[in-house]
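See below for the structure under consideration.
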Ligand SMILES: Nc1ncnc2c1ncn2[C@@H]1O[C@H](COP(=O)(O)OP(=O)(O)O)[C@@H](O)[C@H]1O
Ligand SMILES: O=C(O)C1=C[C@@H](OP(=O)(O)O)[C@@H](O)[C@H](O)C1
Ligand SMILES: [Mg+2]
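See below:
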């Protein structure tokens, strides 16, 4: 079984950004789970939420996750913020990959997401009580899943350079066969 590297954490934590950088550093394929879901569904993430609802999205997300984790060659996977928290996602991720939680405080998430385009993140763009409250509530509900990751990084520890020795100690990337 190949051991991938999976990044988990809140929207805005930098999973996609850091995942691309790590994949480039190691010369490994990068997979963004949201992009895989869009390709499978032939629909954007906001489109799936609007037309099929969150329950359907979570099923599609779980199916796509299993398909990606079953790929034989090691890859770097950026999950969606909810991926570990539904349909036993964290168990599947821990079984088939080294999991790394990007633990970024709400104040930082808020600043990043306000600067970015939240329309691409339907759970956040439709937050009735405001983005900050939604982020706190979501992080509180999800921490029980995120903290099951094998590796944890916060703040300055979430750079490629800082992560290299920790990934090596965890056996990533696996030796080529
Ligand atoms: N380490 C970082 N420092 C500053 N901004 C960042 C960092 N990582 C990501 N960002 C910015 O935050 C936003 C969300 O990043 P993204 O990688 O899409 O997060 P995620 O995939 O976890 O939702 C983007 O605008 C990105 O450029
Ligand atoms: O937190 C979530 O439930 C979601 C996060 C999004 O991914 P990012 O974490 O990359 O924003 C995307 O999967 C979808 O909008 C749902
Ligand atoms: Mg992302």
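In the working numbering, the protein residues as written are 2 to 178.
Beta carbons: idealized from backbone N, C-alpha and C, even for Gly.
None of these values were measured; they are calculated from a predicted model.
Discussion item. According to DSSP, is residue 88 part of a helix, a strand, or is it coil?
Written reply: For this step, residue 88 is matched to residue 87 along the chain shown. The answer is coil: DSSP assigns residue 88 none of H, G, I, E or B.
Practice prompt. Would you mind reading off the limits of the alpha helix (DSSP H) that contains residue 64?
Written response: As a working mapping, residue 64 is identified with position 63 in the chain shown. Element bounds for residue 64: 46-70.
Worksheet entry | Bounding residues of the beta strand (DSSP E) (the contiguous stretch that carries residue 100) | The residue labelled residue 100 in the question sits at position 99 within the chain shown. Residue 100 -> beta strand (DSSP E) spans 98-104.
Worksheet item: For residue 27, which three-state DSSP category applies?
Response: Position 26 of the chain shown holds residue 27. DSSP places residue 27 in helix when its eight states are reduced to three.
Item to complete: May I have all residues whose beta carbon comes closer than 6 Å to any heavy atom of ligand 2, sorted in chain order?
Response: 12, 16, 17, 35, 46, 81, 82, 83, 122, 123, 124
Discussion item. For residue 149 and residue 14, I'd like the C-alpha separation in whole angstroms.
Written reply: Indexing the chain shown from 1 puts residue 149 at position 148. Indexing the chain shown from 1 puts residue 14 at position 13. Each residue's Cα considered, the two are about 17 Å apart.
Worksheet item: Between the stretch 107-120 and the stretch 53-67, are three or more C-beta pairs nearer than 8 Å?
Response: no
Worksheet entry | Where the alpha helix (DSSP H) through residue 76 begins and ends | Along the chain shown, read from residue 1 onward, the residue named residue 76 stands at position 75. Looking at the DSSP string, residue 76 is not in any alpha helix (DSSP H), and its letter there is neither H nor E.
Worksheet entry | Near ligand 3: residue 120 beta-carbon under 7 Å from a heavy atom | For this step, residue 120 is matched to residue 119 along the chain shown. Answer for residue 120: no, Cβ out of range of ligand 3.
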